[in-house]
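Enquirer:
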Amino acid sequence: MKDKGRFTYSAITPEILTALRDALGDEAVSTHPEKLTECAEDASHTRGAPEAVVTARREEHVVRLMELAHRYRFPVTPRGMGTGLAGGASPIHGGVVLNLSAMNRILTVDPVNLIAVVEPGVVTADLKRAVKAQGLYYPPDPASVDTCSIGGNAATNAGGPSCVKYGVTRDYVLGLHVVLPTGTLIRTGVLTRKGVVGYDLTRLIVGSEGTLGVITKLILKLIPHPPAVTTLVALLSNMTQAMNAVTGILIAGLVPSAIEFLDHRCLDLVGDLLPFEEAHGAGSFLLIEADGHPDVIAREIERMGMVCLEHGAREVLMAPDTAKRDRMWAVRREVSLRIEHSAAVYIPEDVVVPLGEIAGFIQCIPEMEARFDLKIYCFGHAGDGNIHLNITACRECRPERVEEGVRAVLAEVLRRGGTISGEHGVGVAKQRYLPMELHPESIRLQMRLKRAFDPHFVLNPGKIFPWDEAL
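According to the working numbering, numbering within the sequence shown proceeds without interruption in unit steps and concludes at 472.
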């Protein structure tokens with residue numbers, strides 16, 4: 002047995018391996034070192050040491066695995082495509098990694114009832130393409146849309162650029178199949194657009210980071226695909242101007258389908274990739290889109306450009322053709338990779354502040370950089386206040402000084418009425434900051450909820466909450 006603070010877990014013994022293979026089949030269970038290494042971490046590089054990997058291909062596999070985990074008390078860490086940035090899919094207590102990527106079927110696309118039924122391993126971009134072929138639209142579009150899975154999106158309530166107009170993953174999940182930590186399969190939610198029978202377990206499970214149950218099927222709401230989209234780029238002298246322009250657009254009653262921004266540091270890194278010569282030397286960059294009827298969005302995007310000019314934009318450039326628009330989005334999604342590759346110390350944060358606080362918060366960044374000897378890159382979803390702060394430092398910087406700087410940044414976010422995570426989740430990476438935002442009684446209440454679902458704490462243990470402090 003392995004003692005993990007207040008909890009004692011079984012190692013994956015030969016007896017347990019035999020039980021797993023008997024229940025799931027030899028092909029579903031692996032202890033091969035290469036497979037264990039492959040599933041030891043997610044994109045946050047938080048590393049665990051799994052003892053076995055179970056690749057589920059059917060719902061029954063998940064049921065049988067969780068029944069065994071509950072009986073033998075070994076930890077299970079659900080995993081989709083491993084693109085998470087908070088360590089939520091890292092097996093920090095060892096045990097079994099439950100690989101759900103092979104459960105990747107799109108079971109139904111229903112254009113009459115505007116729903117899709119999918120398994121959790123479906124890649125988000127594949128779903129978007131499949132429903133678009135039938136004239137439908139699934140809006141959530143996280144940055145890793147080409148490599149992340151729908152189940153992982155639901156686990157973290159992923160967002161993306163389109164959430165300024167369309168909302169986040171939770172807004173499109175009508176119902177779920179969920180395997181509880183005891184091995185019981187439940188169905189939550191409805192096939193309809195309304196339903197208020199009992200507590201809303203669907204919305205509770207979405208965003209719970211795989212700590213309350215394993216999602217094995219999702220019923221998703223779809224909408225008609227917008228007939229057209231148009232894009233503009235605004236180049237401004239500084240981030241304060243850019244954020245004031247964003248606020249001006251929203252206050253004017255305009256509803257863009259995306260407003261993304263890059264600060265001058267990000268532009269220095271990726272400006273060479275942009276299809277606009279004018280971008281070189283700009284202090285900030287706004288990428289704004291509108292979708293809908295062609296005549297309507299042509300007028301709307303023109304008004305958005307005028308607002309940007311009123312707030313000091315030095316250039317407003319249209320990018321109506323698909324090739325140029327796709328290139329700009331590819332550049333936007335390249336930003337994080339270039340920052341990570343250029344920095345010795347790299348800490349991705351995804352804070353959110355109220356819209357009226359964006360400009361003021363951005364103005365605080367240079368002072369915090371100077372005070373803690375950091376370099377902070379700012380980009381993200383300006384339309385909903387979700388700012389991706391990539392905090393970097395040199396190799397010589399003391400870790401405790403960097404940590405002090407991170408805490409100062411998060412404290413400023415909270416002081417302005419914001420939150421420390423908009424879409425990455427808490428996982429392991431932000432666990433230590435949770436008491437900065439949540440009242441101790443709120444944490445205790447949520448931990449009691451965890452215990453009600455998972456009495457032996459076998460499902461994705463060690464995530465979200467500082468356990469020893471909370472119980």
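Every residue, glycine too, gets a C-beta built ideally from N, C-alpha and C.
1. In the DSSP assignment, what are the bridge partners of T231?
2. Is the separation between the beta-carbon of G83 and that of A44 shorter than 8 Å?
3. Alpha carbon to alpha carbon, what distance is there between K129 and L460?
4. Over the uninterrupted alpha helix (DSSP H) stretch that includes Y487, give me the two end residues.
5. Please name the residue or residues paired with T183 in a DSSP beta bridge.
6. Using a Cβ-Cβ cutoff of less than 6 Å, which residues in the same chain neighbour L21 once the five nearest sequence positions on both sides are dropped?
7. Let me confirm a value: S443 is counted as buried when at least 16 other C-beta atoms fall within 10 Å, else exposed. Which label applies?
8. Are the CB atoms of P121 and T217 nearer to each other than 8 Å?
9. Beta-carbon separation of H71 and L25 under 8 Å?
10. Please name the residue or residues paired with E42 in a DSSP beta bridge.
11. What whole-angstrom Cβ distance do V234 and A320 have, given they're in contact under 8 Å?
12. What is the DSSP secondary structure of Y347, counted as helix, strand or coil?
13. Using 8 Å as the Cβ pair cut-off and three pairs as the minimum, do the region 369-382 and the region 260-274 touch?
14. Going by Cα to Cα distance, which pick from I302, G160, H178, S145 is closest to E1?
15. Any idea what DSSP makes of G176, helix, strand or coil?
16. Tell me whether A471 sits in a helix, a strand or coil according to DSSP, three-state version.
17. Straight-line CA distance for V336 to T185?
18. With which residues is Y138 paired in a DSSP beta bridge?
19. Could you tell me whether the Cβ atoms of V207 and V174 are closer together than 8 Å?
20. Does L255 come out as helix, strand or coil in the three-state DSSP assignment?
21. Quick check on the burial criterion: 16 or more other C-beta atoms within 10 angstroms. Buried or exposed for R300?
22. Taking all protein chains shown into account, decide if A471 is buried (16 or more other Cβ within 10 angstroms of its Cβ) or exposed.
23. Quick one: is L66 buried, meaning 16 or more other Cβ sit within 10 Å of its Cβ, or exposed?
24. What's the gap between the Cα of S11 and the Cα of A283?
25. Which word fits P162, buried or exposed, when buried means at least 16 other C-beta atoms lie within 10 angstroms of its C-beta?
26. Look up A394 in the DSSP assignment and give the residues it is bridged to.
27. Indicate whether the contact test is met: 3 or more Cβ pairs, each with one atom in the region 218-237 and one in the region 272-286, closer than 8 Å.
28. Should the region 92-106 be regarded as contacting the region 52-59, the criterion being three or more beta carbon pairs within less than 8 Å?
29. In the DSSP assignment, the beta strand (DSSP E) including M319 goes from what residue to what residue?
30. Going by the beta-carbon positions, is the gap between D292 and V215 smaller than 8 Å?
31. For N154, report the span of its alpha helix (DSSP H) as first-last.
32. Count Cβ pairs between the region 410-422 and the region 338-345 that sit closer than 8 Å; are there 3 or more?
33. Going by DSSP in three states, F373 sits in which element: helix, strand or coil?
34. Which two residues bound the contiguous alpha helix (DSSP H) that contains P441?
Expert: According to the structure shown:
1. BP columns for T231 point to A291.
2. Less than 8 Å divides the Cβ of G83 from the Cβ of A44.
3. If you take the alpha carbons of L460 and K129, they lie about 30 Å apart.
4. Because the chain spans 2 through 472 in this model, residue 487 falls outside it and cannot be assessed.
5. The partner list for T183 (beta bridge, DSSP) is empty, contrary to what the question assumes.
6. Taken in chain order, the residues that qualify are V30.
7. By the 10 Å Cβ count, S443 comes out exposed.
8. With a cutoff of 8 Å on beta-carbon distance, P121 and T217 are scored as near each other.
9. It is not a contact, given that the beta carbons lie outside the stated cut-off.
10. Answer is R48, bridged to E42.
11. Separation of the CB atoms of V234 and A320 is rounded to 6 Å, and the pair is thereby assigned contact status at 8 Å.
12. For Y347, the secondary structure class from DSSP, reduced to helix, strand or coil, is strand.
13. Taking a contact to require three or more Cβ pairs closer than 8 Å, the region 369-382 and the region 260-274 qualify as touching.
14. Coverage of the chain is limited to positions 2 through 472, which leaves residue 1 absent and any answer about it impossible.
15. Here G176 sits in strand by DSSP.
16. Legend: pLDDT at A471 = 45, less than 50; position of this residue unreliable, value from coordinates given subsequently. In the structure shown, the three-state DSSP call for A471 is helix.
17. Annotation: V336 to T185 spans about 42 Å, alpha carbon to alpha carbon.
18. Paired residue(s): I224.
19. Yes, Cβ-Cβ distance for V207 and V174 is below 8 Å.
20. Here L255 sits in coil by DSSP.
21. Of the other Cβ atoms in all chains shown, fewer than 16 fall within 10 Å of the Cβ of R300; this residue is therefore exposed.
22. In this prediction, A471 scores a pLDDT of 45, lower than 50, which makes its location untrustworthy; the coordinate-derived value is nonetheless stated afterwards. If you draw a 10 Å sphere on the C-beta of A471, you find 16 or more other C-beta atoms in it, and that means buried.
23. When all chains shown are included, L66 counts as buried.
24. Going by the C-alpha atoms only, they are around 57 Å apart.
25. That one is buried.
26. For A394, which the question treats as bridged, DSSP gives the partners V346.
27. Remark: three or more beta-carbon pairs, one from each stretch, lie closer than 8 Å, so the region 218-237 and the region 272-286 are flagged as touching.
28. Yes, since at least three Cβ pairs between the region 92-106 and the region 52-59 fall closer than 8 Å, the two stretches touch.
29. Boundaries of the beta strand (DSSP E) around M319: 316-319.
30. Using a Cβ distance threshold of 8 Å, D292 and V215 do not count as a contacting pair.
31. N154 -> alpha helix (DSSP H) spans 151-157.
32. Counting Cβ pairs under 8 Å, fewer than three are found: no touch.
33. Three-state DSSP puts F373 in a helix.
34. P441 -> alpha helix (DSSP H) spans 441-454.
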